[in-house]
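Chains as they are written, first to last, in the working numbering: chain A, 1 to 229; chain Z, 230 to 504.
Here is the structure:
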């Protein structure tokens, strides 16, 4: 279910905004006023942090957060703060969603659907994972195959390292979901990758100083001779 | 009233915490940890690369054994010690009587071209087929881990799926499989170490290659052990507390760590065992 309606889905009355703001200012560990369906399938509010799949918006200086999948179901909800019919003071719900007797079941269904279909829309499916597994298996077999082919040492190293980096990239992109993550991944991962490359290049002079490539490994000479070559 | 946005970018009230990145703090922490792990393993692998390509001979002879049959008698030649830098290609062999022979490459070739039957020769103590199988195991465990995450996201929380057929297992099934495969990887690594140390006498003090080998694979093994325990803890907590899709992110974080460990092994396997 996709919500295409514009405007804030839930309205907080000035009294509710004032109270929510007070609570958030007192509670330094949370930063949003969450409207949700609790485990009893009832409407509830909570002070919380931003979570994946949230939509947040500002209302009277209060950061309101709702799980994206619940927006169509909760649209039109009004939250007030004051005494209820029994005289108890607290947050009160009003509006069409509050009057809906089947709200809890509808919300659960929407969350289940989002967990199943919604995730697949942006991520890989189980079938994709099996394809990646097959690709990794074949690439590992190709690496082992390369060790049986007499290749020049430098070419041998280049081929094997290319295969290894490609395999690692597949794991990172699909199993770690980096392919589907936002731009934040660059902020976190580009610096260490640059440092890693810099480290290798910084160590290169030490390699160049001795300048010997392992093409004259004595053990190889010996193994060949033992084979009668 | 303001317009609704996917993530609010309006300035937070003064003195209030506001996340810098649009991800949860748990995920941020895990990626930050993995970023430090990238540097950790790059340091290890980088040092190995420098030592290896800077060396005149590699692998440094550690336990080069040739068994040849000379007049119905098995003679064992064992390469010992480090090559001397000014003697290119020289290897020192100890024969059955413990007598040492300093042989140049041409002499080594002639030594074993005498028409004697070669019974066994070992140029490397590393067991490539066994390790290749271990690599395959770790890749399998990555797949089962990602399938465990997909299962909990879909509220498939049991041992098997509610609907029979692919992908067959539910969250519990795939988590248990991941733990078992991870433990299998460790068991094979222990078996490999045991054979190397007690059969081939390939210990960390044998050579610089042996030191590098044990440091790199040992650090990785420690990470796998941590990952198995981490997954086991989550698995037990999930069973005890009846976790559902709302706990998917906890599993996702464990998955990130586990896949990273797999990713590191892919590079290590190539660098240490294949090249």
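Glycine included, every Cβ here is placed at the ideal spot set by N, Cα and C.
The model shown is predicted, which means the values in this text are computed figures rather than measured ones.
Per DSSP, cross-strand counterpart(s) of residue i
{"i": "residue 63(A)", "result": "58(A)"}
{"i": "residue 330(Z)", "result": "322(Z)"}
{"i": "residue 90(A)", "result": "82(A)"}
{"i": "residue 302(Z)", "result": "299(Z)"}
{"i": "residue 346(Z)", "result": "298(Z)"}
{"i": "residue 11(A)", "result": "78(A)"}
{"i": "residue 398(Z)", "result": "389(Z)"}
Collapsed DSSP secondary structure at residue i in the structure displayed
{"i": "residue 80(A)", "result": "strand"}
{"i": "residue 392(Z)", "result": "coil"}
{"i": "residue 256(Z)", "result": "helix"}
{"i": "residue 335(Z)", "result": "helix"}
{"i": "residue 360(Z)", "result": "helix"}
{"i": "residue 269(Z)", "result": "helix"}
{"i": "residue 206(A)", "result": "helix"}
{"i": "residue 376(Z)", "result": "helix"}
{"i": "residue 488(Z)", "result": "helix"}
{"i": "residue 201(A)", "result": "helix"}
{"i": "residue 355(Z)", "result": "coil"}
{"i": "residue 449(Z)", "result": "helix"}
{"i": "residue 176(A)", "result": "coil"}
{"i": "residue 51(A)", "result": "coil"}
{"i": "residue 365(Z)", "result": "helix"}
{"i": "residue 471(Z)", "result": "coil"}
{"i": "residue 182(A)", "result": "coil"}
{"i": "residue 384(Z)", "result": "coil"}
{"i": "residue 479(Z)", "result": "helix"}
{"i": "residue 464(Z)", "result": "helix"}
{"i": "residue 21(A)", "result": "helix"}
{"i": "residue 28(A)", "result": "coil"}
{"i": "residue 262(Z)", "result": "helix"}
{"i": "residue 408(Z)", "result": "helix"}
{"i": "residue 149(A)", "result": "coil"}
{"i": "residue 456(Z)", "result": "helix"}
{"i": "residue 414(Z)", "result": "helix"}
{"i": "residue 427(Z)", "result": "helix"}
Residue i at chain D interface by Cβ criterion, 9 Å
{"i": "residue 474(Z)", "result": "Protein chains in the displayed structure are A and Z, and chain D is not among them."}
Outcome for residue i when other beta-carbon atoms lying within 10 angstroms are tallied against a minimum of 16
{"i": "residue 282(Z)", "result": "buried"}
{"i": "residue 117(A)", "result": "In this predicted model, residue 117(A) has a pLDDT of only 48, less than 50, meaning its place in the structure is not dependable enough to derive any value."}
{"i": "residue 489(Z)", "result": "buried"}
{"i": "residue 434(Z)", "result": "exposed"}
{"i": "residue 491(Z)", "result": "buried"}
{"i": "residue 29(A)", "result": "exposed"}
{"i": "residue 121(A)", "result": "At residue 121(A) the pLDDT is 42, less than 50, meaning the model places this residue with poor confidence and gives no usable figure here."}
{"i": "residue 272(Z)", "result": "exposed"}
{"i": "residue 357(Z)", "result": "exposed"}
{"i": "residue 300(Z)", "result": "exposed"}
{"i": "residue 290(Z)", "result": "Its pLDDT being 44, under 50, residue 290(Z) is placed unreliably in this model, and the coordinates cannot settle the point."}
{"i": "residue 398(Z)", "result": "buried"}
{"i": "residue 395(Z)", "result": "exposed"}
{"i": "residue 460(Z)", "result": "buried"}
{"i": "residue 215(A)", "result": "Confidence at residue 215(A) is low in this model, with a pLDDT of 39, below 50, so the placement of that residue is unreliable and no value is reported for it."}
{"i": "residue 431(Z)", "result": "buried"}
{"i": "residue 419(Z)", "result": "exposed"}
{"i": "residue 177(A)", "result": "buried"}
{"i": "residue 303(Z)", "result": "exposed"}
{"i": "residue 16(A)", "result": "buried"}
{"i": "residue 493(Z)", "result": "buried"}
{"i": "residue 274(Z)", "result": "buried"}
{"i": "residue 465(Z)", "result": "exposed"}
{"i": "residue 231(A)", "result": "Nothing can be reported for residue 231(A): it is not among the residues displayed for chain A, which extend from 1 to 229."}
{"i": "residue 455(Z)", "result": "exposed"}
Span of the beta strand (DSSP E) around residue i
{"i": "residue 33(A)", "result": "32-37"}
{"i": "residue 46(A)", "result": "43-48"}
First and last residue of the uninterrupted alpha helix (DSSP H) at residue i
{"i": "residue 499(Z)", "result": "Where residue 499(Z) is concerned, there is no enclosing alpha helix (DSSP H), given that its DSSP letter is neither H nor E."}
{"i": "residue 126(A)", "result": "126-146"}
{"i": "residue 97(A)", "result": "96-99"}
{"i": "residue 157(A)", "result": "153-170"}
{"i": "residue 434(Z)", "result": "Here residue 434(Z) belongs to no alpha helix (DSSP H), and DSSP marks it neither H nor E."}
Near the ligand NAP: residue i beta-carbon under 8 Å from a heavy atom
{"i": "residue 420(Z)", "result": "As presented, the structure is devoid of all ligands, the ligand NAP included, so that no description of it is given."}
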